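Read the structure below first, then the notes.
2 protein chains.
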Amino acid sequence: MDIRRDFHMAEGEGEWSYSKNCRRQQVAVRETRPMVETAVKQVYAALLPRTMVVADLGCSAGPNTLLFISSVLSSIAAAAAEQCKPPSGGGDDDDHHVELQFVLNDLPGNDFNHLFRSVEEEFRRAAGCERAPHPPYYVMGLPESYYNRLFPRQSVHLFHSSYCLQWRSQEPEGLEAWRKPCLNEDNIYIARTTTPSVAKLFQEQFQKDFSLFLKLRHEELVHGGRMVLIFLGRKNEDVYSGDLNQLFALVATALQSLVLKGLVEKEKLESFNLPVYGPSVGEVEELVTRSGLQFSMDLIKQFEMNWDPFDDSEGDNDVVVVEDSARSSVNVAKLIRSVLKALVVRHFGEAVLDACFAEFRRLVAEHLGKEKTKFTTIAMCLKKE
Amino acid sequence: MDIRRDFHMAEGEGEWSYSKNCRRQQVAVRETRPMVETAVKQVYAALLPRTMVVADLGCSAGPNTLLFISSVLSSIAAAAAEQCKPPSGGGDDDDHHVELQFVLNDLPGNDFNHLFRSVEEEFRRAAGCERAPHPPYYVMGLPESYYNRLFPRQSVHLFHSSYCLQWRSQEPEGLEAWRKPCLNEDNIYIARTTTPSVAKLFQEQFQKDFSLFLKLRHEELVHGGRMVLIFLGRKNEDVYSGDLNQLFALVATALQSLVLKGLVEKEKLESFNLPVYGPSVGEVEELVTRSGLQFSMDLIKQFEMNWDPFDDSEGDNDVVVVEDSARSSVNVAKLIRSVLKALVVRHFGEAVLDACFAEFRRLVAEHLGKEKTKFTTIAMCLKKE
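Line by line, the protein sequences are chains Z and E.
Just so we're aligned: 235 in our numbering is position 235 of the first sequence, and the numbers increase by one with no gaps anywhere.
If you want our numbering, it's the position in the second sequence, counting the first as 1, plus 1000.
As structure tokens, then:
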């Protein structure tokens, strides 16, 4: 599995594209907006930078990164107003106002053309509107894995990453596709029949990746700079129990059904493991502490959202079932397909895509008829001292 | 004509792509390499920046911008060696070594996906080679017209632009496609039958654009920063006589033949003017002086290259004809098609493309049978005081 090349959200703007199926992530952006606003204002007020560098890591090609940009711009405008400084130029103050550089980062396989066209459209739309004044800003794209250095040392004021850090830099070490025997059998993530030693490989890959991520970003952040990180995790400490476990178990079951139908070879499935891990808040906190880096945790919290991106209702998993599980299952299948498509196509071929996600949808409907499962999101803000 | 959206070099890697047809520009990159190296070394030695920001303006999607990156990296390595500083990290000196940010800029319509894939391949290739040590570097893309601000003030150390600044920000003001009457009739650039007042519109658009370009880049450069600008111009002061005039007159003749054949409407051709101007060295120098900006001219020179990108022979226009004008004409037609394709398709439609450039090739063969015409390139290095 060559993550740099092969892993990206589904391209374009069609029915199955990520752009059209990222409402779940979009709702979460709104949910975490106050965190972003606070971080932006704190960094701005403390450092009063002439140029503020803001990076969105794992921006994908969709609309959510544009929401992020607009949220930062309005926060800066508000913060500048509090400081009684005009956020944009005009007259003698021209040399003091802040300018922003937004760096939109994703893997080299990401559809940057689509991203840049979206930025362009947004730019034109905004130019035609009456709007609150905002500081001058410049938008760039950076095609590189964030498990590598992305920036010169001490050059970034704010990192943001939304729904990416659950993804690993590779399949867990020890479970790569080329190895025999295939230790996780026909599972693709930590499932009930996954052995504890294999579960540990998933966990260790997370620990390695996340520690590296912290170290790299610490090098790149200015003192006083901040990171707002939002990613999928799990509610309990038990690595076997989490909504990602349930979700990917259903994807695995769908793939297993293709094996039974003779559409996918058993060996092919056995060599497929997702580069993913949903950590608990406790695991994340421990890695930050263990890193020994001068980070302080401004905030860490978790919240839940229904699998169905169009279902904003609240309620407990165990007592409520989904009202219209058929409709919800279509929404969930589209969401997961738009995320996993590239990996599934690369490993199993384009031909199985429809069959795989049709079966997955059926399984999701069945599941949601029994219980209303949720995504657990971890959101945190770290400050580099 | 919407230049931001519509003007880009031909995409992809096929026979007619820009990537496969930019040898002319590539040879010129080698020709101007010493200028780039000198500028890089001077900036580095004078400023010893911790982070050096280098921007390639109008990078397109092709391989030439990669040559530029590699040339800057080796210059920095050489300059660092002269300063007895290791260009890349290691030990205690880690905090002092320089890191580079390359910003690859082009219009939003440019094929950045292709560009980033090329960077990725180059990165992999280089990682597999034994190479002279080079400083850490980071590559970004910036989709925006350089007739707008691209960077925060005083944040760039070196600008480079190769074979772009002959292009204007729009068709000459006064000659836009929507105007009636169409003042330049069936010409598309300054031709023999172009009136002096229309020629002046082309010239004025250049003056406006180039002055704006100087002003914007002056704002963005650090003190002591430099610009290496390489673009097509003309040898003489006479705006009617230049190789671009000859070249685009042949494109116009090809389009006129399509009108005669009923493939293109006469009005359609009359509303088409290229956003281009090839200035003389004198005009360029005058604009730099007139700008009143604190630029000093390190160097300005001109050199000539044959139209045929695969013909590296030297000799005078008037006495030498092209040896194999048929083969040369194919090379020239491919080059010009890869540059003009997007504009021609947008204005006249995809259907005329083959016919237009087949006729153009025929005309070029005829022309080269009579005289060996050359491109005049202007290369200059400006320093911000």
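Note that the Cβ used here is the ideal one computed from N, Cα and C, for glycine as well.
In this text the structure is predicted, and so the values were computed from the model without any measurement.
Cβ distance (whole Å) where residue i is taken to contact residue j below 8 Å
i	j	result
residue 5/Z	residue 133/Z	Rounded, the Cβ-Cβ distance is 42 Å, inconsistent with contact.
residue 1202/E	residue 1190/E	5 Å
residue 269/Z	residue 186/Z	5 Å
residue 15/Z	residue 114/Z	Contact flag wrong, Cβ pair sits at about 15 Å.
residue 1143/E	residue 1110/E	7 Å
residue 9/Z	residue 60/Z	5 Å
residue 285/Z	residue 300/Z	7 Å
residue 1304/E	residue 1374/E	4 Å
residue 45/Z	residue 83/Z	7 Å
residue 106/Z	residue 147/Z	Not a contact, Cβ separation roughly 13 Å.
residue 1282/E	residue 1237/E	6 Å
residue 264/Z	residue 348/Z	6 Å
Beta-carbon neighbours of residue i, restricted to chain E and to distances below 7 Å
i	result
residue 113/Z	1111, 1112 and 1113
Residue range of the beta strand (DSSP E) that includes residue i
i	result
residue 51/Z	51–57
residue 1161/E	1156–1162
residue 75/Z	Residue 75/Z -> not in any beta strand (DSSP E); alpha helix (DSSP H) instead, spanning 64–82.
residue 296/Z	295–306
residue 1223/E	1221–1233
residue 166/Z	First-last for residue 166/Z: undefined, no H or E at that position.
residue 383/Z	374–384
residue 104/Z	99–106
residue 1143/E	1137–1143
Per-residue contacts from residue i into chain Z (C-beta, under 7 Å)
i	result
residue 969/E	It is not possible to answer for residue 969/E, since the shown part of chain E is limited to 1001 through 1385.
residue 1101/E	152
residue 1133/E	Ordered by position in chain Z, no residue passes the 7 Å Cβ test against residue 1133/E, which lies about 16 Å from the chain.
Neighbouring residues, chain E, relative to residue i (Cβ below 8 Å)
i	result
residue 141/Z	1112, 1116, 1140, 1141, 1142 and 1143
Alpha helix (DSSP H) segment containing residue i, residue limits
i	result
residue 352/Z	Run containing residue 352/Z: none; DSSP gives neither H nor E here.
residue 1010/E	Here residue 1010/E belongs to no alpha helix (DSSP H), and DSSP marks it neither H nor E.
residue 1149/E	Unbroken run through residue 1149/E: none, as it is neither H nor E.
residue 1113/E	1112–1127
residue 281/Z	281–291
residue 243/Z	243–260
residue 269/Z	266–270
Per-residue contacts from residue i into chain Z (C-beta, under 8 Å)
i	result
residue 1285/E	Here the premise fails: no neighbours, minimum Cβ distance about 30 Å.
residue 1120/E	4, 5, 108 and 143
Residues within the segment 1153–1174 of chain E neighbouring chain Z, beta-carbon criterion of under 8 Å: 1153 and 1155
Near-chain Z residues of the segment 1048–1072 of chain E (beta-carbon distance less than 8 Å), N- to C-terminal order: 1050 and 1051
Segment contact, 8 Å Cβ cut-off, at least three pairs: the segment 1049–1060 of chain E with the segment 1149–1163 of chain E: yes
The segment 1225–1233 of chain E in contact with the segment 1171–1183 of chain E per 3-pair CB rule at 8 Å: no
Interface residues of the segment 262–288 of chain Z facing chain E [CB-CB below 9 Å]: none
Segment contact, 8 Å Cβ cut-off, at least three pairs: the segment 1021–1037 of chain E with the segment 1355–1362 of chain E: no
Residues of the segment 1196–1214 of chain E whose Cβ lies closer than 9 Å to any Cβ of chain Z, in chain order: none
contact_flag[the segment 249–263 of chain Z, the segment 199–213 of chain Z] where n(CB pairs < 8 Å) is 3 or more: no
Inter-stretch contact at 8 Å, needing at least 3 Cβ pairs: the segment 1061–1081 of chain E / the segment 342–353 of chain Z: no
Sufficient close CB pairs (3 or more, under 8 Å) joining the segment 1134–1154 of chain E to the segment 1217–1224 of chain E: yes
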